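Residue numbers (our numbering): 1188 to 1650.
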Amino acid sequence: MTTKEIEELVRQIMLGQTDIKKEGSIGGSGVFNTVDEAVCAAVNAQAEYLYVSLEIRRKIITSIREKMLPLVEELSTRTYEETGMGNIEDKIHKNRLAINQTPGVEDLITNAETGDYGMTLYEYSPYGVVGAIAPSTNPTETLISNTIGMLAAGNAVIFSPHPGAKNISLWLVKKLNEIVCEASGIDNLVVTVATPSIIAAQEMMNHPNVPLLVITGGPAVVNEAMRTGKKVIAAGAGNPPAIVDETANIKKAAIDIVDGASFDNNILCIAEKSVVAVDSIADSLIGQMEKAGAYLIKNPEDIRKLEVLCLTENNKPNKKFVGKNAVDILQAAGIQYTGTPRLIIVETQKNHYFAVEEMLMPILPIVRTPNFDSALRTALELEQGLHHTATMHSQSIANLNKAGRQLQTSIFVKNGPSFAGLGFKGEGSTTFTIATPTGEGTTTARHFARRRRCALIDGFSIR
Ligand code: NAD
């Protein structure tokens, strides 16, 4: 069989023996009118990609990094203008992080076992076409980071962006597809549909030629994906608490918490969503947080105004204020303030809606507890078993260790802002898909690949 014939056969198998469809994208852009057309184009592209060298895969990733970096400001500005959430400066940091620090092909580490019977090799190989859902909160960062990881693993990807970030997402898919095509000669390794919607996302999730779903979003979409019965990597909601015990460097803890909780107006799933402070240091912590740029609301009438504005009638976050900045929220609530605060802080009980709900607003409830053990119990309750993210400020190794063991979050940042757990001003690689219910944690290329075992009998053990 010639290579061409093998490629043709692989295509047919991946298309479930159906006729190979070759519908064109709109203007050759990776953007298609229907989900089926987009998936078929991606299947064809991936069948070609299977025969491309690792060197070309590396070239693709390098090209994405080089060609996306000069576009970061435009990307961040347009995202802010379209979604109305967060702020441009922090989006620039997030996009740079996705471009520079998402691992590529080097993440696919081969392992081998050798002995009397020969050699067994473990390697990562692609799934085929990945169906990826992106959130409105990190639309471009997720697209960039997922594209790097998924293509590094040898897949093609069909994105289902959030309709609220449609224009920037379509623009970015076109750009990414163009960059990938230039580097590899293969069109349609990164595709999407012209009109993203929940219906289109569901069609994509249920498409027979999409074997792996990577979902970055809230509980509704995660549940929807689980119902397909497919392999799902689900990066769901979080509600990260920040514990501060009596041994912490209070000034640094305050700065770190304010930095983390105000970053992009708190729309990151990993951002501090509450503070649980031991009583003996709580006043000092609040004082330092005010110095670091937070505005404390004490007056019960003002607290009520904030509740009325930011919660709906059934006490869910009011979407209108998700990702808005602190000053706009204070003004809209009619609360007097001084300076230009970047975070609103308010003392609450642990069962207050601000603490329990994933608000995604620069409003940080502070809950007092008598001691570290009760702080840890409260943090566990607030994290709600999501296994997402927690931060802690302490100089006690014993306390940090105890919290780490009990919280079992995918990300646990000690003595730093939450974003350090994404590799921003913290060590390590980045991802914008932190798989919580399905357990992969901070995903990289190897999670988007199958681990295969290849045994060679009676050979290649040379010890
Ligand atoms: P969202 O759940 O409203 O939307 C996420 C995506 O899912 C969008 O593309 C949307 O169109 C799609 N979607 C929503 N409901 C769907 C359904 N029933 N069927 C098919 N598709 C559906 O979330 P959002 O507001 O865009 O993003 C914020 C949420 O995402 C927060 O809960 C946040 O914690 C979470 N998030 C998690 C991570 C992570 O890595 N764990 C990263 C970013 C955001």
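Yeah, the Cβ is synthetic: ideal placement off N, Cα and C, and Gly gets one too.
None of these values were measured; they are calculated from a predicted model.
Item, Value
"Here's a check: name, in chain order, each residue in its chain whose Cβ is nearer than 6 Å to the Cβ of residue 1370, leaving out the five neighbours to either side.", "1246, 1247, 1250"
"With DSSP as the reference, please indicate the residues paired to residue 1485 in a beta bridge.", "Answer is none; residue 1485 lacks a bridge partner."
"Residue 1542 to residue 1320, Cα distance in whole Å?", "27 Å"
"Could you give the first and the last residue of the continuous beta strand (DSSP E) run that contains residue 1599?", "1598-1601"
"For residue 1255, collect the residues of the same chain with a Cβ closer than 7 Å to its Cβ; drop the 5 residues on either side in sequence, then sort them by chain order.", "1286, 1331"
"I need the straight-line Cα distance from residue 1308 to residue 1341, nearest angstrom please.", "18 Å"
"What is the rounded straight-line gap between the Cα of residue 1346 and the Cα of residue 1360?", "8 Å"
"Among the residues of its own chain, which have a CB less than 6 Å from the CB of residue 1642, if the five just before and after it don't count?", "1307"
"Pick helix, strand or coil for residue 1635, following the three-state DSSP scheme.", "helix"
"I'd like the ranges of any beta strand (DSSP E) spanning at least 3 consecutive residues and lying wholly in the region 1332-1377.", "1343-1347"
"Buried or exposed: which applies to residue 1382, given that a residue is buried once 16 or more other Cβ atoms fall within 10 Å of its Cβ?", "exposed"
"Do residue 1534 and residue 1553 have their C-beta atoms within less than 7 Å of each other?", "yes"
"In terms of residues, what are the limits of the beta strand (DSSP E) holding residue 1221?", "Taken as a continuous stretch (DSSP letters only), residue 1221 belongs to no beta strand (DSSP E), as it is neither H nor E."
"Can you tell me which of the three DSSP states residue 1556 falls into?", "strand"
"Measure the Cβ-Cβ separation of residue 1420 and residue 1625 and say whether it is below 7 Å.", "yes"
"Could you pull out every residue in the same chain whose Cβ sits closer than 6 Å to the Cβ of residue 1257, ignoring the five residues on either side in sequence?", "none"
"By the 10 Å Cβ neighbour count, where 16 or more other Cβ atoms means buried, how is residue 1379 classified, buried or exposed?", "buried"
"Which residues does DSSP list as the beta-bridge partners of residue 1532?", "1483, 1551"
"So what does DSSP say about residue 1205, is it helix, strand or coil?", "Since pLDDT at residue 1205 reaches only 42, below the 50 mark, its modelled position is unreliable, and no value is offered."
"From the DSSP output, in three-state form, read off residue 1427 for me.", "coil"
"Drop a sphere of 10 angstroms on the beta-carbon of residue 1650, count the other beta-carbons inside from all chains shown, and report buried for 16 or more, exposed for fewer.", "exposed"
"Hey, residue 1510 and residue 1315: beta-carbon distance below 7 Å or not?", "no"
"Residue ranges of each alpha helix (DSSP H) run of no fewer than 4 residues wholly in the region 1265-1305, ordered along the chain?", "1275-1288"
"Would you grab the beta carbon distance between residue 1376 and residue 1343 for me? Rounded to a whole angstrom, and I think it's under 8 Å.", "5 Å"
"When the distance is taken between beta carbons, is residue 1325 closer than 7 Å to residue 1619?", "yes"
"Going by Cα to Cα distance, which pick from 1584, 1238, 1544 is closest to residue 1573?", "1544"
"Using beta-carbon positions only, say whether residue 1406 and residue 1424 come within less than 7 Å of one another.", "yes"
"Please list the terminal residues of the continuous alpha helix (DSSP H) segment that includes residue 1247.", "1241-1255"
"In the DSSP assignment, what are the bridge partners of residue 1379?", "1218, 1346"
"Would residue 1557 pass as a contact of residue 1530 if the rule is Cβ separation under 7 Å?", "no"
"Quick one: residues in its chain with C-beta nearer than 8 Å to the C-beta of residue 1213, no 5 flanking neighbours on either side, listed in chain order?", "1219, 1220, 1381"
"Report all residues from its chain with a CB closer than 6 Å to the CB of residue 1524; omit the five preceding and five following residues, and keep chain order.", "1482, 1517"
"Compute the minimum distance between the beta carbon of residue 1385 and the heavy atoms of the ligand NAD, and state whether it is under 6 Å.", "yes"
"Can you tell which of 1348, 1500, 1227, 1216 has the C-alpha that lies nearest to the C-alpha of residue 1327?", "1348"
"With a 10 Å radius around its C-beta and 16 neighbouring C-beta atoms as the bar for buried, classify residue 1512 as buried or exposed.", "buried"
"Consider the C-beta atom of residue 1270 and the heavy atoms of the ligand NAD; say whether any pair is separated by less than 6 Å.", "no"
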